[in-house]
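Here our numbering is used: position 47 in the sequence shown is 50, and no number is missing along the way.
The beta carbon of each residue, even a glycine, is placed where N, CA and C say it ideally should be.
Since the structure is predicted, the reported quantities are computational estimates derived from the model, not experimental observations.
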Amino acid sequence: MWTRWLPSAQMTRGHRGEIEDYLAPMRRQGASVDDCLQLIVHVERVDFAEANRILDASPAWADLRRRSGA
4 MWTRWLPSAQ MTRGHRGEIE DYLAPMRRQG ASVDDCLQLI VHVERVDFAE
54 ANRILDASPA WADLRRRSGA
């Protein structure tokens, strides 16, 4: 469930950390794409289309782009 990463993501962004500073640890800890998208929507206050663009630009999730052919 994406909410397990919520406090960390909020603290990261509150301390002027980059989005990647919470996406990379999520990836290492086994988060799903859906977990990341929902967290991005909540923390960054964007819609799902923008959350997808953010996740697509994430170096930590780059292998998913290669697998999907994006």
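Counting only the Cα atoms, Arg31 lies some 12 Å from Pro62.
For the set Ser11, Pro10, Asp59, Arg16, the Cα lying nearest the Cα of Asp37 is the one of Asp59. DSSP places Ser11 within a helical segment (H, G or I) once states are collapsed to three. The beta carbon of Tyr25 lies closer than 7 Å to those of Trp8, Ser11, Ala12, Thr15 in the same chain, with the five residues before and after it left out. Taking Leu40 as the centre and dropping the five residues before and after it, the same chain places the C-beta of Phe51, Ala54, Asn55, Leu58 closer than 7 Å to its C-beta, in chain order.
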